[in-house]
Amino acid sequence: MPLLTYTMEYFDESSARLRKWGVVLLAATGALWLWFAVLLFTPYTVDQAHGSQADCDSRFFTDRREANELAAGGGRCEAERDWPELLAVLGASIPTAIAGTALFTTGTTSIRMNRHISEVIHAITPQNTAS
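Start counting the sequence shown at 1060; every next residue gets the next number (my numbering).
(1) Buried or exposed for phenylalanine 1100, please, with buried defined as at least 16 other CB atoms from any protein chain shown within 10 angstroms of its CB.
(2) Pick from Ala1087, Leu1077, Trp1094: whose alpha carbon is nearest that of valine 1010?
(3) Have a look at the DSSP bridge pairing and note the partners of glutamine 1107.
(4) Determine the DSSP secondary structure at aspartate 1114, reduced to helix, strand or coil.
(5) Using the rule of at least 16 other Cβ atoms within 10 Å of the residue's Cβ for burial, across every protein chain shown, is leucine 1146 buried or exposed?
(6) Report buried or exposed for glycine 1159, applying the criterion of at least 16 other Cβ atoms within 10 angstroms of its Cβ.
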């Protein structure tokens, strides 16, 4: 029975490690989504060609035309935070979300299965009752 106990403990530690990696990747996904929200919703400033700074509206709340049209006309605000950069941040979160979800789910399920197997083994093992 000691070998079985060692195997169950190793399996439990391995599953917990998988679950922790899942949490780390899901936290990284949350950080990417937070970064995307900051880039999308907060106003910002850019340096102009003559040394001054220009205040720019957030990309979400702006009433201006499409960014690419204004950037072609020399608009620095629109060129600073263009949509491809924002979508790249959002797109980078997809693999981390998928991997984090898979690792967390696998780890959690493995831990539950390990505990269930331990309970079944404990239930079918004959108990020594000294009477």
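Every residue, glycine too, gets a C-beta built ideally from N, C-alpha and C.
On the basis of the data shown:
(1) exposed
(2) Here the chain has residues from 1060 to 1190 only, and residue 1010 is not among them.
(3) For glutamine 1107, which the question treats as bridged, DSSP gives no partner whatsoever.
(4) strand
(5) exposed
(6) buried
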